[in-house]
Amino acid sequence: MAITLSDAAADRVKLFLANRGKGLGVRLGVATTGCSGLEYVLEFVDELNDEDILYEDKGVKVIIDPKSQPYLEGTRLEFVKEGLNEGFEFVNPNAKGECGCGESFTV
Numbered sequence: 033m034a035i036t037l038s039d040a041a042a043d044r045v046k047l048f049l050a051n052r053g054k055g056l057g058v059r060l061g062v063a064t065t066g067c068s069g070l071e072y073v074l075e076f077v078d079e080l081n082d083e084d085i086l087y088e089d090k091g092v093k094v095i096i097d098p099k100s101q102p103y104l105e106g107t108r109l110e111f112v113k114e115g116l117n118e119g120f121e122f123v124n125p126n127a128k129g130e131c132g133c134g135e136s137f138t139v
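Under the working numbering, the first residue of the sequence shown is numbered 33, with each subsequent residue one higher.
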């Protein structure tokens, strides 16, 4: 399986990269934190690390570090708007639960 993006997420990443004026793509990862144990990390990437795993979907390069790969395998990145709120949302088939505030997850 791979990491995929919805059309809206791909368009938003491309817009952010264009506004920055630089960048190879977006890095998705996980960090140990939060009340459920793991938290998603999303950042823009200007250069690759030797160990990075590279996916490409809808013209967007998605970079994953090897430590995060097992937790994110099969994840789909969405971009959602609800009223005045908007942001990226991870649809992760590996997540078994989330904390009440939705900031962290467990596998």
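Each residue gets a CB set at the ideal place from its N, CA and C atoms; glycine is no exception.
Quiz item: Within 10 angstroms of its Cβ, does R52 collect 16 or more other Cβ (buried), or is it exposed?
Solution: By 1-based counting over the sequence shown, the position of residue 52 is 20. Exposed is the call here.
Self-check item: A63 classed as buried or exposed, judged by whether at least 16 other C-beta atoms fall within 10 angstroms
Solution: For the purposes of this step, residue 63 is identified with residue 31 of the sequence shown, where counting begins at 1. Exposed, by the Cβ-count rule.
Quiz item: Going by C-alpha distance, which of D97, G57, K113 and N117 is nearest G81?
Solution: Indexing the sequence shown from 1 puts residue 81 at position 49. Strictly speaking, residue 81 in this sequence is Asn, with Gly absent from that position. Nearest C-alpha to N81: D97.
Exercise. Sort out for me which residues DSSP pairs G57 with in a bridge.
Key: Start at 1 with the first residue of the sequence shown, and residue 57 comes out as number 25. Partner(s): V77 and K93.
Self-check item: Exposure of V45, with buried meaning 16 or more beta-carbon neighbours within 10 Å
Solution: Within the sequence shown, the letter at position 13 stands for residue 45. Answer is buried; the Cβ neighbour count reaches 16.
Quiz item: If you compare alpha carbons, which of F111, L56 and G115 is closest to F122?
Solution: Along the sequence shown, one-based indexing puts residue 122 at 90. Answer by Cα proximity: F111.
Exercise. With distances taken Cα to Cα, identify the nearest neighbour of D39 among L60, A127 and F120.
Key: The residue given as residue 39 occupies position 7 in the sequence shown. For D39, the nearest C-alpha among the options comes from F120.
Exercise. Tell me E121's beta-bridge partners as DSSP assigns them.
Key: Working through the sequence shown from its first residue, we reach residue 121 at position 89. Looking at the DSSP assignment, E121 forms a beta bridge with E110.
Quiz item: How about I85: is its C-beta nearer than 8 Å to some C-beta of chain C?
Solution: Protein chains in the displayed structure number just one, and chain C is not present.
Exercise. Just the C-alpha distance for A42 and F48, rounded to the nearest angstrom, thanks.
Key: Here the question's residue 42 lines up with position 10 in the sequence shown. Here the question's residue 48 lines up with position 16 in the sequence shown. Rounded to whole angstroms, A42 and F48 show a C-alpha spacing of 10 Å.
Self-check item: Option nearest S100 by Cα separation, candidates L60, L116, Y87 and G55
Solution: Locating residue 100 in the sequence shown gives position 68, counting from the first residue. Looking only at L60, L116, Y87 and G55, the smallest Cα-Cα distance to S100 is reached by L60.
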